[in-house]
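Per numbering that gives the first Met the number 0, the very first residue in the sequence shown carries number 0; after that it's consecutive.
Even for Gly, the Cβ is constructed at its ideal location relative to N, Cα and C.
Bear in mind the structure is a predicted one, so any value in this text is a computation, not a measurement.
Written below as structure tokens is the structure these notes are about.
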Amino acid sequence: MSLLYIFIAFFKIGLFTIGGGLAAIPLLREELVKGGWVTSAEFIDMLAVSQSTPGPIGINMATYAGFKAASFVGSLCATAGMVAPSLIIIVLIARFMRHFDDHPVVQGVLAGIRPAAVGLIAAAAWFVLANSLFILEQFPDGVWLDLRALGLFAVLALLYWRTKAYPVYYIVAGGLAGIFLF
Numbered sequence: 000m001s002l003l004y005i006f007i008a009f010f011k012i013g014l015f016t017i018g019g020g021l022a023a024i025p026l027l028r029e030e031l032v033k034g035g036w037v038t039s040a041e042f043i044d045m046l047a048v049s050q051s052t053p054g055p056i057g058i059n060m061a062t063y064a065g066f067k068a069a070s071f072v073g074s075l076c077a078t079a080g081m082v083a084p085s086l087i088i089i090v091l092i093a094r095f096m097r098h099f100d101d102h103p104v105v106q107g108v109l110a111g112i113r114p115a116a117v118g119l120i121a122a123a124a125w126f127v128l129a130n131s132l133f134i135l136e137q138f139p140d141g142v143w144l145d146l147r148a149l150g151l152f153a154v155l156a157l158l159y160w161r162t163k164a165y166p167v168y169y170i171v172a173g174g175l176a177g178i179f180l181f
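Structure (structure tokens):
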């Protein structure tokens with residue numbers, strides 16, 4: 000895989016990701032899983048590692064995938080590709096918004112982008128949920144619920160909603176529980 004291909008692949012993802020890192024997950028999945036870079040299981044692992052490390056999840060995943068594809072230089076190309084569109088677009092938008100922030104067309108565009116971003120995030124959440132709580136590959140004739148994963152999810156979600164502790168604590172707790180449960 001060429002470094003230019005890696006850069007362009009992540010440039011496209013960065014260009015069309017609206018709504019933050021979680022909104023990038025469907026686009027990353029499309030490129031990485033359907034493009035043959037990684038399997039679905041590897042993608043979920045990559046997602047877990049990227050969520051567990053400091054920084055934006057989309058950029059973390061780009062760095063991880065780039066490294067997997069072409070070592071350190073690949074990670075630089077993927078990260079640069081992912082970041083470049085945002086950098087270019089935000090500079091242009093900042094200049095544009097100063098003059099047209101209150102214009103009805105601009106307000107309409109922004110109002111339309113918000114639900115689109117929420118839809119992408121919901122699709123990403125469903126993908127992660129389905130691949131984390133259901134055993135899809137072991138039972139091709141049907142979908143089976145992984146009760147251990149469901150129990151761990153329920154306990155950690157309840158703890159988070161009740162305590163609102165720092166998210167890394169739940170990630171560490173999930174990893175430790177995974178050692179014993181899986």
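(message) Quick check on DSSP: helix, strand or coil for W125?
(response) helix
(request) Following the continuous alpha helix (DSSP H) through T162, name the residue where it begins and the one where it ends. (result) L146 to T162
(message) Pop quiz: G13 and G80 are said to be a contact at Cβ under 8 Å. What is the actual Cβ separation, rounded to whole angstroms?
(response) 6 Å
(message) Suppose you measure from the CA of I170 to the CA of Q50; what does that come to, to the nearest Å?
(response) 9 Å
(message) With DSSP as the reference, identify every bridge partner of W143, one or two as the case may be.
(response) I134
(request) Tell me whether the beta-carbon of M0 lies closer than 8 Å to the beta-carbon of A68. (result) yes
(message) For the alpha helix (DSSP H) containing I58, name the first residue and the last one.
(response) I56 to F99
(request) Spatial neighbours of A129 within its chain, please: CB distance less than 6 Å, with the 5 preceding and 5 following residues excluded, ordered by chain position. (result) none
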